[in-house]
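Read through the structure below, which is laid out as structure tokens, and then see the notes.
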Amino acid sequence: MKLIADAGSTKTDWRLVNNEGIMVGAFESGGLNPIVFNDETLKLNLAASGELFDFVDNVSEVHLYGAGSDEPKAHKRLQKILEDVFEKARVNIYDDLLAAARATAGKEPGLVAILGTGSNSGYYDGEKIIKTIGHFGYVLMDDASGNWFGRQLIRDYYFERMPQRLRRIFKKNFNLDEDHIKRNIYQSKQPNAFLASYSIFMHENYDERYVKKLLHAGFEKFLTGEMHAYEQWKTELPLHFVGSIAYFYQKELKEAMENTGWKTGKIIRKPLDHLVEFHV
22 MKLIADAGST
32 KTDWRLVNNE
42 GIMVGAFESG
52 GLNPIVFNDE
62 TLKLNLAASG
72 ELFDFVDNVS
82 EVHLYGAGSD
92 EPKAHKRLQK
102 ILEDVFEKAR
112 VNIYDDLLAA
122 ARATAGKEPG
132 LVAILGTGSN
142 SGYYDGEKII
152 KTIGHFGYVL
162 MDDASGNWFG
172 RQLIRDYYFE
182 RMPQRLRRIF
192 KKNFNLDEDH
202 IKRNIYQSKQ
212 PNAFLASYSI
222 FMHENYDERY
232 VKKLLHAGFE
242 KFLTGEMHAY
252 EQWKTELPLH
262 FVGSIAYFYQ
272 KELKEAMENT
282 GWKTGKIIRK
292 PLDHLVEFHV
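Be aware that the sequence shown starts at 22, since it is given in the working numbering, and climbs by one per residue.
Now the structure itself:
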């Protein structure tokens, strides 16, 4: 049997596939980001899915895609933890950008981007990611991500660029206390997730002109900024997207792509079920 997993910092989703390629189990455990968690926490988070351990002796392959696994030392730590549990299996760990590429482009070349809590991008040759700009997080990058939009909303509120009626709604629905915001940005372990939590405001007020304008500005910033690094493939290859921001606001994303000359590829919310298809 094969186990395919999509691991984040908050949770990990697992799919168990039998030798005939049929999915026979779906499980959930805690987050398995080796950058965020130490070994003990990783083990506890893995153990959170007790039912998964009923199949340990039957698993011959583990394919885990996850944030934080592209850092060599972190990769090695997580590899050992999984090998200790799945003693009879061949364990493979890949980063989340390859997950996005395989889930959308399959075995064909393409450009791929993640627009979720954070953002990332790369050129995929049909087998591996052969170019990426690197990922430096919410301080330097993450344009058009959930945390980028959350940051813009907070800024627009305090700079009074947000329409007055929406400012009242924003203040009513979200904690805008200065100490609360500063503490969660500068002292918490996941400031990007904190900022991204404010981006739900766009979904709640999707029909507002201000929201539409903000979405277009964010997507065009990403497409003309970060994606400039892949200009040489712009007219040749489709640009695929994975992530909740790309998926829920794909109308505005497609409009921005048309405005900036990119070829629209697949846009999906989560890669896991598509990865199951890739591995069977």
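Every residue gets a Cβ at the ideal spot worked out from N, C-alpha and C, and that includes glycine.
For clarity, every value in this text was computed on a predicted model and none was experimentally measured.
query	result
Which two residues bound the contiguous beta strand (DSSP E) that contains F262?	P259 to V263
Can you check the segment 114-162 for any alpha helix (DSSP H) of at least 4 residues that lies completely inside it and give the ranges in chain order?	117-125 and 158-161
For A68 and S81, I'd like the C-alpha separation in whole angstroms.	19 Å
Could you tell me if K97 is buried or exposed, where buried requires 16 or more neighbouring beta carbons within 10 angstroms of its beta carbon?	exposed
Could you tell me which uninterrupted alpha helix (DSSP H) segments, each at least 4 residues in length, are contained entirely in the segment 172-221, listed from first to last along the chain?	185-194, 199-207 and 212-217
Below 8 Å between beta carbons: does that hold for A120 and Y145?	no
What does DSSP give as the partner residues of I266 in its beta bridges?	In DSSP, I266 forms no bridge with anything.
Out of W169, R230 and E199, point me to the one whose CA is closest to I266's CA.	W169
Is the beta carbon of E72 sitting closer than 8 Å to the one on F48?	yes
So what does I25 bridge to, in DSSP terms?	R36 and H84
Since M278 is in the alpha helix (DSSP H), which residue starts that stretch and which ends it?	Q271 to T281
So, helix, strand or coil for R111, using DSSP?	strand
Would DSSP call A19 helix, strand or coil?	The structure shown has nothing for residue 19, since the chain only spans 22 to 301.
Between L296 and Q185, what straight-line distance do the alpha-carbon atoms span, to the nearest angstrom?	45 Å
The beta strand (DSSP E) spanning T285 covers which residue range?	K284 to I289
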